[in-house]
Amino acid sequence: NPDEMLKGVASGAYHMAAAGLTPSETSRNDVRFSSDFLTVTQQLVYAKGKGAPTSLKELAGKEVLITLPESHKVRFTQLQANFPSIKWKVVDSEMIDLLEMINAGKASYAVVDSSIYSLHRYSYPKTKVAFDVSDPQGQAWALRHGQDNSLFNAAQSFLDTIRVNGSLATLTEDFFDRHIEEVTTGDAMAFTSRLHQRLPQWSDFMKEAAQEFELD
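Here our numbering is used: position 36 in the sequence shown is 55, and no number is missing along the way.
Here you go:
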């Protein structure tokens, strides 16, 4: 959970958090952020077959799911004020769970980060992106404020190095873009089917191993 990560770094429970964290004015007071390593937007995702909305105004009276990590709170407040006719539903879950709900037909609309959708779009082939609902936002690593800057300087130096030598751009392309042409809709549907039919027979063993080795 992004907010739990930031609280853990701020309290000293963790040395740093390297995840999809978007700095906000509030979180900058609690932790120290590196330079951005990725730029994302918040996107409206809808259920395939429902018809693609072209603007938020078209969703008057509709329910839209949204999670509220710190980075989304300011934008959510703006959306609520500007589009009060939309039934905004705050879900205490992860963004990937919103995609799961739409794919399963349990919801029609949700707001997720573009990076989350890009990574998981082929696992949830019944979801589609309609449009962006935010300006581009940077994502960065979070480290604890303190007098010792050695870890922050090392992290920043690493990011600067891979940005200059092109490694960051290559990694980003490999992770988000190059797999797109390799997966067809049929592939995605087959994967989703096997995820529900085959994975359960192994899930108990995976959970036991995760508990033994202190993994998620």
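Where is the CB? At the ideal position from N, CA and C, for every residue including glycine.
With distances taken Cα to Cα, identify the nearest neighbour of residue i among the options.
| i | options | result |
| --- | --- | --- |
| VAL110 | GLU82, PHE102, ALA100 and VAL93 | GLU82 |
| PRO144 | SER30, TYR65, ALA229 and MET35 | TYR65 |
| ARG94 | ARG163, ASP151 and GLY185 | ASP151 |
| LEU162 | ASP154, GLN156 and ASN172 | ASN172 |
| LYS67 | HIS34, VAL148 and PHE102 | VAL148 |
| GLY27 | ASP206, VAL50, ASP55 and ASN184 | VAL50 |
| ARG140 | GLY80, GLN166, ALA207 and LYS106 | ALA207 |
| SER153 | THR96, ALA79 and THR189 | THR96 |
| SER323 | ILE85, THR180 and LYS76 | Within the shown structure, residues of the chain are numbered from 20 to 235, placing residue 323 beyond reach of any answer. |
| ARG47 | TYR33, PRO219, ALA29 and LEU98 | ALA29 |
| GLU113 | THR86, GLU23 and ASP223 | THR86 |
Would you give the residue range spanned by the alpha helix (DSSP H) that residue i belongs to?
| i | result |
| --- | --- |
| VAL152 | Where VAL152 is concerned, there is no enclosing alpha helix (DSSP H), given that its DSSP letter is neither H nor E. |
| ALA38 | Unbroken run through ALA38 is the beta strand (DSSP E), 35-40; no alpha helix (DSSP H). |
| ASP22 | 21-30 |
| LEU138 | 133-139 |
Does the beta-carbon of residue i have 16 or more other beta-carbons within 10 angstroms, so that it is buried, or is it exposed?
| i | result |
| --- | --- |
| SER176 | exposed |
| HIS91 | buried |
| GLY70 | exposed |
| ASN168 | exposed |
| GLN158 | buried |
| GLN61 | buried |
| THR146 | buried |
| VAL59 | buried |
| ASN20 | exposed |
| PRO88 | buried |
| VAL131 | buried |
| GLY39 | buried |
According to DSSP, what are the bridge partners of residue i?
| i | result |
| --- | --- |
| VAL50 | ARG163 |
| GLN220 | Paired residues: none, contrary to the question. |
| ALA129 | VAL64 and LEU84 |
Can we count residue i as close to the ligand PLP, meaning its CB is less than 7 Å from some heavy atom?
| i | result |
| --- | --- |
| ASP167 | Absence of the ligand PLP is noted for the structure shown, with no ligands found whatsoever. |
Go to residue i, then tell me how far its beta strand (DSSP E) extends in each direction, as first and last residue.
| i | result |
| --- | --- |
| LEU234 | Element bounds for LEU234: n/a, residue is neither H nor E. |
| LEU57 | 57-59 |
Practice task
Write down every uninterrupted run of the alpha helix (DSSP H) in the segment 142-216 whose length is 4 residues or greater and which is fully enclosed by it, in chain order.
Solution key: Every alpha helix (DSSP H) of 4 residues or more that sits fully in the segment 142-216 is shown, in chain order, as 169-183, 186-195 and 204-216.
Handout entry: beta strand (DSSP E) segments (min. 3 residues) lying fully within the segment 80-126
Key = Those beta strand (DSSP E) runs which fall completely within the segment 80-126 and span 3+ residues are 82-85 and 106-109.
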